[in-house]
Structures are given as structure tokens and as C-alpha cells.
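My numbering puts the first residue of the sequence shown at 1, with every later residue one more than the last.
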Amino acid sequence: MNSRILLILTTLLTLCTSCRESDQERVARLVQEWQGKEIVFPEGLVFTRFVKDTVDYRIPESDYKVVVYVDSVGCTSCKLQLHKWKTFIAQVDSVTGGNVPFLFFFQSKDDKELRYLLKRDNFNRPVCIDHDNRMNAKNNFPQEMTFQTFLLDKDNKVKVIGNPIHNLAVKELYLKHIT
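This is the structure:
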């Protein structure tokens, strides 16, 4: 009887470990799933500067755009690294003449913290505070922050998924597509 139980447990363990997706397989699956997928922007988005001043901002028509979605889970400052975004945006602006819009969507529960972070880093670009999480509801973004940033083409279809601030290879992909 003990050997039979051991055999069953070994078989179950083997099945569980063989069915588990590796990190590399998961990344490949996410890239394949999101490649070419259209990002839908909800109606009536409101953009602000420093989470305070509403600005008249419409998502521009362009060959490419970068969409950054930040949820309220975890350390917002750690995720954002706004100083690195400013550097990357300046780099993209220099090679495109400022023709690639960067769209930041924050699903924030703490406007005060977000305002502090934006002011601290003097990040004065328009951002959308999405209290009702409408952007994610329309698009069902991946849970992991690494896969909540997208390079879109003129039809809002995903060309590259991944955060260029946290991954140099992804940054190079963005630059390759944009230039």
C-alpha cells in the first residue's frame, strides 16, 4: 500500500512540474498573445498635470505611441522611476522630433503620493488618473508590471510589450521600431 501511495504521489508531482510553465515560456506566450492586439481607450479620459490641474489633452494621431499603465499594487515609486522615463522620452524625442506621445495611465488610490512623485521628479507631462480602472477594464492588462507598457502603432495595435525602463533589450526594441 505504501509503495502504491508513493507511486501516485510521484506521478502527481511529475505531472504538476511538467505542466508548469517556465518563465521563458510565459514571456513568449504573453508576447504572442499581445502582439497585434488593439489597445482600446475609454471615452472621456481626463488628463492632469501633477494630479491637480486638468489639461485639455487628446490622444494624438501618430505612427507610434507608448502606453504606460500603472496599477495601485505595490510601490508606485519603485515601478515608475520617473527620472528614467524622462531620460527615455528625451531620447525618443531627439530621434523622432517629439512625434511619439507617451501616455501614462495611473490606477491610483493615493493621489497625494502620486502628486508628490510627479512633483519631486518634475514630471510635468499630462497623465490620466483612472480611479475607476476603466483602461484596464477595457483591455485586461497582464497582472505583472513588466507587461503593462506597450509600444503601439498608428492603429493602436501592440508592436512591443514590455517596460523599456526596466529592461534594456525591450528599450532597444522600442527604439528599433520607432526609428
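Where is the CB? At the ideal position from N, CA and C, for every residue including glycine.
Same chain only: Cβ atoms within 7 Å of residue i, ignoring 5 sequence neighbours per side
i, result
"residue 92", "100 and 178"
"residue 165", "81, 84, 85 and 88"
Nearest-angstrom Cα separation, counted from residue j out to residue i
i, j, result
"residue 113", "residue 122", "14 Å"
"residue 89", "residue 25", "30 Å"
"residue 167", "residue 115", "26 Å"
"residue 71", "residue 97", "30 Å"
"residue 51", "residue 65", "22 Å"
"residue 56", "residue 31", "34 Å"
"residue 180", "residue 140", "Not covered by the structure: residue 180. The range shown for the chain is 1 to 179."
"residue 95", "residue 149", "20 Å"
"residue 147", "residue 126", "22 Å"
"residue 120", "residue 142", "29 Å"
"residue 103", "residue 128", "8 Å"
"residue 63", "residue 159", "11 Å"
"residue 27", "residue 174", "17 Å"
"residue 176", "residue 35", "16 Å"
Proximity to residue i [Cα-Cα], best of the options
i, options, result
"residue 162", "36, 43 and 68", "68"
"residue 61", "176, 152 and 47", "152"
"residue 157", "109, 33 and 110", "33"
"residue 132", "107, 142 and 144", "107"
"residue 38", "22, 105, 154 and 145", "154"
"residue 118", "159, 176, 143 and 53", "53"
"residue 23", "47, 173 and 144", "144"
"residue 45", "28, 130, 174 and 159", "130"
DSSP bridge partner residues for residue i (one or two, in chain order)
i, result
"residue 52", "For residue 52, which the question treats as bridged, DSSP gives no partner whatsoever."
"residue 102", "66"
"residue 25", "Residue 25 is not bridged to any residue."
"residue 114", "DSSP output for residue 114 lists no bridge partner at all."
Beta-carbon proximity list for residue i, same chain, < 6 Å, skipping 5 on both sides
i, result
"residue 43", "none"
"residue 124", "49"
"residue 9", "Low confidence applies to residue 9: its pLDDT is 48, below 50, so where it sits in the model is not reliable enough to give any reading."
"residue 105", "69, 128, 130 and 135"
Own chain, CB closer than 8 Å to residue i, minus 5 neighbours either side, in chain order
i, result
"residue 41", "59, 135, 138 and 156"
"residue 111", "51 and 129"
Limits of the beta strand (DSSP E) - the one that residue i falls within
i, result
"residue 127", "127 to 129"
"residue 160", "158 to 161"
Span of the alpha helix (DSSP H) around residue i
i, result
"residue 146", "Careful: residue 146 lies outside any alpha helix (DSSP H) and carries neither H nor E."
"residue 94", "82 to 96"
"residue 138", "134 to 139"
"residue 174", "168 to 178"
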